[in-house]
Amino acid sequence: MLGIGWRPELAWMIHKRKDIDFIEILAEDFSSTHKPIEPIKQLINRGVEVIVHGTTLNLGGSEIPNRESLAHLNNLAREHKSALVSEHLAFVKAGGLNSGHLLPIQRTQENLEIVVENILIAQDALCVPLAIENIATLFEWPDNEMDEATFLAEVVFRTGVSLLLDVANLFANATNHKFDVEQYLKKLPYEKLAYIHVAGGIFKGPLYHDTHCHSIKNPVLNLLRQVCVRTGSPRVLLERDGIFPANLDQELNHELDVIKQIAEQKRLSHVS
Amino acid sequence: MSAEWRAKSKEMEPQLANWRAKLAAQQTALLEALTQQTPLAGFDTERLQVTALSLRQKRLRTVEHAHPCLASSLGLTLTELFNEYAEVHTLPAAGEVTDSLQFMDYLAKCDLLPNHLWRGYFLSFGWKHQRNWWHLMRRITQPAKHQEATESCR
């Protein structure tokens, strides 16, 4: 199944593309009272599934998830007939400061307990299942007690939530923090996989930046292939959040074709 | 939440409260280091600087996206002015849209908002600040002096 992150700049392109099975809407871009806007309503009527994707629930933060944020996600999920809400394994605020972007949490046993409690509270308040996404980072906390895959798998196991695997984020972290992707992939609970994110990025010196504003790099597509071998028929969603040149339709359509081909080829080989 | 977890959570409550306080302190220290662009013990300083820069660029992109006319009017000066603003203004809790409005306020306060955008700014939300009414009077009555003030503010 093929998906794309819905953005106003991409509305016409998404409307024209008839093989889109699901879209994501960014929770922070819509108000709680929002009925589906016309382009999204048309997609829903066409049978396209909508997933509500949040970035500010702060599940990796020290405070329990904010009731208003959870109510907002619930309202959007109801209005858009969503079957799933997704969020990140990250923190975005602390001590009255707001980072404006997803930041990593220190992977310790103590923090694992906090994250598990936060996620259980969030899942309890949400009207639909929750999926948790791995994030891309440029730095690591000192004194991590476990690797990222172990932490992620443990969170999924202990909370029962689904997994949203972002292969671009995984590529970014494997590049920036120099770990073995194969070892990472071995530890993931694929039976809990809800869907996969793919996005573009750029290298700045030795570091890979997951920008969502550039084309998808080949190593990310190779990683998608590796994951598809393990999962059979994953739902894959393309994210593009910025830099919308005139020929973007062409670029994104090509990327969607490639993603679809990878997912379907592997589905066939998995069946046979 | 499962009944089993509820029971366990109750049991662990005092411990969790301590861990949450510790986590809050650690994360606040990290955010302070990122917003002030200062080193933090135990962290790779260069990586923190790259992250801080990336966070600031994301804020700037929101401004460009929210106010395309401002971006096209100021051109490269936008980055310079935004950096000056970001040195003293952290991202507000309300998020990046509020941040971009605050940046407009900052430009207006320093009299750096281009003339053709000032009117739109004033009518949209600038009217809420008393100082802008004085600016409006000044612009109407003393346009030449206003230009001098703009130069001196730079």
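Sequence lines, in order, name chains A and B.
Just so you know, my numbering puts 67 at position 67 of the first sequence, and the rest follows in order with no gaps.
Adding 1000 to a residue's 1-based position in the second sequence gives its number in my numbering.
Where is the CB? At the ideal position from N, CA and C, for every residue including glycine.
Interface flag, residue i vs chain A, CB-CB below 8 angstroms
{"i": "VAL1063(B)", "result": "no"}
{"i": "PRO1068(B)", "result": "no"}
{"i": "THR1090(B)", "result": "yes"}
{"i": "TRP1118(B)", "result": "no"}
{"i": "SER1009(B)", "result": "yes"}
{"i": "MET1104(B)", "result": "no"}
{"i": "GLN1026(B)", "result": "yes"}
{"i": "ARG1020(B)", "result": "yes"}
{"i": "LEU1048(B)", "result": "yes"}
{"i": "LEU1078(B)", "result": "no"}
{"i": "PHE1082(B)", "result": "no"}
{"i": "SER1073(B)", "result": "no"}
{"i": "ASP1217(B)", "result": "Nothing about residue 1217(B) can be read from this structure; chain B reaches only from 1001 to 1154."}
{"i": "PHE1043(B)", "result": "yes"}
{"i": "SER1100(B)", "result": "no"}
{"i": "ALA1033(B)", "result": "no"}
{"i": "GLU1004(B)", "result": "no"}
Below-8 angstroms beta-carbon distance, residue i vs any chain B residue
{"i": "GLU275(A)", "result": "Outside the displayed span of chain A (1 to 272) sits residue 275(A), for which this structure offers no information."}
{"i": "ILE40(A)", "result": "no"}
{"i": "HIS88(A)", "result": "no"}
{"i": "GLY5(A)", "result": "no"}
{"i": "GLY54(A)", "result": "no"}
{"i": "LYS93(A)", "result": "yes"}
{"i": "ASN144(A)", "result": "no"}
{"i": "ILE114(A)", "result": "yes"}
{"i": "LEU207(A)", "result": "yes"}
{"i": "GLY201(A)", "result": "no"}
{"i": "LEU97(A)", "result": "yes"}
Buried or exposed by the 16-neighbour rule on C-beta atoms within 10 Å, applied to residue i
{"i": "THR56(A)", "result": "buried"}
{"i": "TYR190(A)", "result": "exposed"}
{"i": "LYS204(A)", "result": "exposed"}
{"i": "ASP166(A)", "result": "buried"}
{"i": "PRO104(A)", "result": "buried"}
{"i": "GLN123(A)", "result": "buried"}
{"i": "ASP19(A)", "result": "exposed"}
{"i": "VAL1088(B)", "result": "exposed"}
{"i": "VAL229(A)", "result": "exposed"}
{"i": "ALA1007(B)", "result": "exposed"}
{"i": "THR33(A)", "result": "exposed"}
Proximity below 8 angstroms, CB of residue i to CB of residue j
{"i": "LEU26(A)", "j": "LEU73(A)", "result": "no"}
{"i": "ALA199(A)", "j": "VAL128(A)", "result": "no"}
{"i": "GLU87(A)", "j": "ILE135(A)", "result": "no"}
{"i": "HIS80(A)", "j": "VAL50(A)", "result": "yes"}
{"i": "SER62(A)", "j": "ILE114(A)", "result": "yes"}
{"i": "LEU221(A)", "j": "TYR195(A)", "result": "no"}
{"i": "THR1038(B)", "j": "ALA94(A)", "result": "no"}
{"i": "PRO36(A)", "j": "ILE23(A)", "result": "no"}
{"i": "SER162(A)", "j": "LYS192(A)", "result": "yes"}
{"i": "VAL238(A)", "j": "ARG17(A)", "result": "Inspection of the sequence shows that residue 238(A) is occupied by Leu rather than by Val. Cβ atoms of LEU238(A) and ARG17(A): not closer than 8 angstroms."}
{"i": "LEU1107(B)", "j": "LEU1076(B)", "result": "no"}
{"i": "LEU102(A)", "j": "THR1035(B)", "result": "no"}
{"i": "PHE118(A)", "j": "PRO65(A)", "result": "A small correction: the amino acid at residue 118(A) is Asn; Phe does not occupy that position in the sequence shown. Against a cut-off of 8 angstroms, the Cβ pair of PRO65(A) and ASN118(A) comes out as a contact."}
{"i": "PRO219(A)", "j": "PHE171(A)", "result": "yes"}
{"i": "LEU89(A)", "j": "LEU59(A)", "result": "yes"}
Beta bridge counterpart(s) of residue i as assigned by DSSP
{"i": "HIS88(A)", "result": "GLU133(A)"}
{"i": "GLU49(A)", "result": "PHE22(A)"}
{"i": "ASP166(A)", "result": "HIS197(A)"}
{"i": "TYR208(A)", "result": "PHE203(A)"}
{"i": "ALA94(A)", "result": "LEU97(A)"}
{"i": "GLY54(A)", "result": "For GLY54(A), which the question treats as bridged, DSSP gives no partner whatsoever."}
{"i": "LEU238(A)", "result": "ILE4(A) and VAL198(A)"}
{"i": "LEU103(A)", "result": "PHE91(A)"}
Partner residues on chain C for residue i, Cβ-Cβ distance less than 8 angstroms
{"i": "LYS1058(B)", "result": "Chain labels in this structure do not include chain C; the protein chains are A and B."}
Any non-hydrogen atom of the ligand COA closer than 7 angstroms to residue i Cβ
{"i": "LYS1109(B)", "result": "Ligands are entirely absent from the displayed structure, and the ligand COA is therefore not among its contents."}
Closer than 9 angstroms between beta carbons: that is the criterion. Which residues of the segment 72-86 of chain A meet it against chain B?
none
Mind checking the segment 240-257 of chain A against chain B and listing, in chain order, the residues whose C-beta falls within less than 8 angstroms of any C-beta there?
GLY242
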